[in-house]
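Going by numbering that gives the first Met the number 0, the sequence shown opens with residue 0, and the numbers climb by one from there. Ideal placement from N, C-alpha and C gives every residue a C-beta, glycine not left out. All remarks here apply to the structure that follows.
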Amino acid sequence: MIDTNEYQSIFNDTFLQVQKVKLGDVNYKILCKELMLKQLLADLEQSEVSYLNDNNKLMANYCEGKRVAYTSAMEILQDLHKSINNL
0 MIDTNEYQSI
10 FNDTFLQVQK
20 VKLGDVNYKI
30 LCKELMLKQL
40 LADLEQSEVS
50 YLNDNNKLMA
60 NYCEGKRVAY
70 TSAMEILQDL
80 HKSINNL
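Structure, rendered in structure tokens:
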């Protein structure tokens, strides 16, 4: 037998608040995140070059991994931005 009180308790504890937001606010937030990622990428590329010049391949590889992650996040944000604007 399923204990419905347990599910009701979980339902009551996970209250979801929905708000209406303006498209301009969402676009602004996405653009801010994109700009932040661009700055992080620029700083990371400088660090990677510095590590390569110092012959520190371990840290250069670490920077390359972060760069790939930031680039992927940037692409996801840009796709999200396009999708939102096409609604």
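Local conformation of residue i per DSSP, three classes
i: residue 85; result: coil
Alpha carbon of residue i to alpha carbon of residue j, nearest angstrom
i: residue 48; j: residue 27; result: 32 angstroms
i: residue 45; j: residue 53; result: 12 angstroms
i: residue 85; j: residue 21; result: 14 angstroms
i: residue 88; j: residue 25; result: No information on residue 88 is available, as it lies outside the stretch 0 to 86 that the chain covers here.
i: residue 99; j: residue 19; result: Since the displayed the chain opens at 0 and closes at 86, residue 99 lies outside it and no answer follows.
i: residue 71; j: residue 11; result: 36 angstroms
i: residue 29; j: residue 4; result: 40 angstroms
Cut-off 6 angstroms between Cβ atoms - residues of its own chain near residue i, not counting five sequence neighbours on either side
i: residue 31; result: none
Same chain only: Cβ atoms within 7 angstroms of residue i, ignoring 5 sequence neighbours per side
i: residue 62; result: 43, 46, 47, 50
- Query: Which whole runs of the alpha helix (DSSP H) in the stretch 2-79 are 4 residues long or more, in chain order?
  - Reply: 3-12, 22-52
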